[in-house]
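Residues in the sequence shown are numbered consecutively from 1, following UniProt numbering.
Just so it is clear, CB atoms sit at the ideal spot from N, CA and C, and this is done for glycine as well.
It should be emphasised that the depicted structure is a prediction, and the values quoted were computed from it without experimental measurement.
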Amino acid sequence: MTDAVPITYARDRKIDREQFVDLLVRSTLGERRPIDDDACVDAMLANANLTITAWEGDRLVGIARSVTDFAYCCYLSDLAVDSALQRSGVGRELIRLTQAALGPKAKVILLSAPKAVDYYPRIGFVKHPNAYMIDATAPLE
């Protein structure tokens, strides 16, 4: 980050697949996302209903991509910050702006990347012991 170009934030600003994938790679989140599946990435962008982005000029440097009902539950599916800007407050601000878009009873829920597991408790998240997940194609027993 340079002093000459401040970070600005936007809600629901349109981004294209290339910008999103480039950021995922620069954040290391690309290692755990289907960045080579264009249709999947397009669907991820099209079906998120709350997206907060961080910009350094015209360059996308952060994103909080969520699916929410705005009243009770907000699943923060992707929190990605350019590696060069991590630990600068960009991720915290993306989460704060996500919270600000929600109603007072809503909770932000996420699955942490392995490298970020210690980050979330430091900023106020509470680890939930009763969370589960299953692949869409996995048979139910």
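Applying the criterion that 16 or more other CB atoms from any shown protein chain within 10 Å of the CB defines a buried residue, is residue i buried or exposed?
i, result
"Ala43", "exposed"
"Ile52", "buried"
"residue 163", "The structure shown does not extend to residue 163, since the chain is modelled only from 1 through 141, so no value can be given for it."
"Phe70", "exposed"
"Val81", "buried"
"Met1", "Reliability of the predicted coordinates at Met1 is poor, the pLDDT of 46 falling under 50, and the value obtained from them is presented with this limitation in mind. Label assigned to Met1: exposed."
"His128", "exposed"
"Arg65", "buried"
"Ser83", "exposed"
"Arg11", "exposed"
"Arg26", "buried"
Please work out which residues of its chain come closer than 6 Å, Cβ to Cβ, to residue i, disregarding the five sequence neighbours upstream and downstream, and give them in chain order.
i, result
"Trp55", "Thr8"
"Arg13", "Thr53"
Just how far apart, CA to CA, sit residue i and residue j?
i, j, result
"Leu140", "Asp58", "46 Å"
"Leu97", "Arg33", "23 Å"
"Gly124", "Asp16", "31 Å"
"Met133", "Val5", "40 Å"
"Lys105", "Gln99", "11 Å"
"Val40", "Phe20", "It is Cys, not Val, that sits at residue 40 in the sequence shown. Taking the straight line joining both Cα atoms gives about 12 Å."
"Asp22", "Asp38", "13 Å"
According to the Cβ coordinates, are residue i and residue j closer than 7 Å?
i, j, result
"Val61", "Leu85", "yes"
"Gly91", "Leu79", "yes"
"Val117", "Cys74", "no"
"Ala46", "Val67", "no"
Which same chain residues, not among the five before or five after residue i, have their C-beta less than 7 Å away from its C-beta?
i, result
"Leu29", "Asp78, Ala80, Ala113"
Please go through the same chain and pick out, in chain order, the residues whose beta-carbon is closer than 8 Å to the beta-carbon of residue i, but skip the five residues on each side of it.
i, result
"Ile95", "Ala64, Leu76, Leu79, Val108, Ile123"
Whole runs of the alpha helix (DSSP H) within the region 84-132, excluding any shorter than 4 residues: Segments of the alpha helix (DSSP H) lying fully in the region 84-132: 90-100, 119-122.
For a minimum of 4 consecutive residues, which ranges assigned as the alpha helix (DSSP H) are wholly contained in the region 1-82? Listed in chain order, they are 17-27, 38-47.
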